[in-house]
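Peer 1: Using full-length UniProt numbering, read the sequence shown as starting at 1 and increasing by one per residue.
Dropping the structure in here first, questions after.
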Amino acid sequence: MLTFAKKKTVAKIGDIDVGNFPLLLAPMEDVSDPPFRALCKEQGADVVYTEFISSEGLIRDAAKSVIKLDIYEKERPVGIQIFGANLDSMLRSVEIVEKTKPDIIDINFGCPVKKVVSKGAGAGILKDIDLMVSLTEAMVKHTNLPITVKTRLGWDHDSIKIVEVAERLQDVGCKAISIHGRTRAQMYKGNADWNPIAEVKNNPRMHIPVFGNGDVNTPERAVEMRDKFGLDGAMIGRASIGYPWFFREVKHFFETGEHLPPPTMQERIEVARRHLQMAIDWKGEKLGVFETRRHYTNYFKGIPDFKPFRTKMVTCDDPADVFATFDEVEQLFGDYQFENAL
């Protein structure tokens, strides 16, 4: 059994105690909705964030944006993430967000998607650091809720100034920063580089929590982020899609240095059923069925000859057919033994 030194510092976002090396569920479009956040919270996520929400959509009362404001007591502490590049729109959206009483408001300065970047929002603002800082400062002054930021290392390799950027954001009142270890130019390609994030954390002027994001896909990697790079917590994204158990597995490894056995087939089927039902209850049959599909590959990853069943799950439009497929899988594969994939 391996043993690891444990950091004793408790991370705080404003006045919110989020624990010793918290695990945060990243805000992910069409993924980090209330049903999935609930499952991740049950499995040990310390802080969860909503999908990112357009400030322009909020102030225009767009249904797709407004529904993303739904949060529930069992999720707390929960952060609502918004994006935009227009000061007036961002401030007005803060006022709308405040009414839903989140614990944290997070600003997305990291989304690399073209439709967001082309409007100067998300990672697009990395080309105008002064605007990034002034927007953050104005939002801090406009609310009593803690403002946090999620961003990337920079626009491209030649413009990485994340140590300076993080310090400036802290100086205008940002209460925590989550940094994805890639530039916008990289999108999601190549490996995340955590060294610049460690430089931010090791800056003697920094006193707010610095959370790492990108390629935390095994418990060992989470330990490395904590012990080798010295960060204050890990923000988990893609590793949790269709696998909310990742949070409990990381925490178990922190405590024991051993891997938990993977979830059983019965547990996977039960959670897949619950996930689909919660999604239908929250967003209706059509969207509930459609947006839960992305999770099934990981829910049932590694089962031999499973493709026909996975195809049914991701092509059936009638929820009754998807639930019937779960029943069929339980009957045929109920005794399947998963190997430890992590």
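Beta carbons are placed, not taken as given, at the ideal position from N, Cα and C, and that holds for glycine.
Since this is a predicted model, take the numbers as computed values, not measurements.
Using only alpha-carbon positions, find the residue among Thr-151, Gln-43, Ala-198 and Glu-330 that is nearest to Ala-123.
Peer 2: Minimum Cα distance to Ala-123 is reached at Thr-151.
Peer 1: Per the contact definition of three or more C-beta pairs closer than 8 Å, is the region 208-226 in contact with the region 172-182?
Peer 2: Taking 8 Å as the limit for Cβ pairs, the verdict is that the region 208-226 does touch the region 172-182.
Peer 1: What runs of the beta strand (DSSP E), each 3 residues or longer, lie entirely inside the region 213-298?
Peer 2: Listed in chain order, the complete beta strand (DSSP E) runs (minimum 3 residues) inside the region 213-298 are 233-236.
Peer 1: Do Phe-26 and Lys-74 have their C-beta atoms closer together than 8 Å?
Peer 2: Per the sequence shown, the amino acid found at residue 26 is Ala instead of Phe. No.
Peer 1: Use the C-beta contact count for Glu-51: other C-beta atoms within 10 angstroms, 16 or more gives buried, fewer gives exposed.
Peer 2: Buried.
Peer 1: Going by other Cβ atoms of all chains shown within 10 Å of its Cβ, with 16 needed for buried, is Val-78 buried or exposed?
Peer 2: By the neighbour-count rule (16 or more Cβ atoms within 10 Å), Val-78 is buried.
Peer 1: Round the Cβ separation of Gly-14 and Pro-102 to the nearest angstrom and send it over; I've been treating them as touching at under 8 Å.
Peer 2: The Cβ separation is near 12 Å, so there is no contact.
Peer 1: What is the C-beta distance between Ala-279 and Glu-270, in whole angstroms, given that I count them as a contact (C-beta under 8 Å)?
Peer 2: That pair is no contact at about 15 Å.
Peer 1: Given a threshold of 16 other Cβ atoms within 10 Å of its Cβ, counted over all protein chains shown, does Gln-186 qualify as buried or as exposed?
Peer 2: Buried, by the Cβ-count rule.
Peer 1: Got a sec? Which residues, its chain only, sit under 7 Å from Glu-285 by beta carbon, not counting five neighbours each side?
Peer 2: For Glu-285, where only same-chain residues beyond five positions count, the Cβ hits under 7 Å are Pro-319.
Peer 1: Report the partner residues of Arg-152 according to the DSSP bridge assignment.
Peer 2: Note: Arg-152 sits in a beta bridge opposite His-180.
Peer 1: Which residue comes first and which comes last in the alpha helix (DSSP H) that contains Phe-309?
Peer 2: Element bounds for Phe-309: 307-315.
Peer 1: Assuming Gln-186 is part of the alpha helix (DSSP H), what are its boundary residues?
Peer 2: Gln-186 -> no alpha helix (DSSP H), and no H or E assigned at all.
Peer 1: Alpha helix (DSSP H) containing Ile-125: first to last residue?
Peer 2: First-last for Ile-125: undefined, no H or E at that position.
Peer 1: Whole angstroms is fine: what's the gap from Phe-333's alpha carbon to Lys-175's?
Peer 2: Computed Cα separation, rounded: 48 Å.
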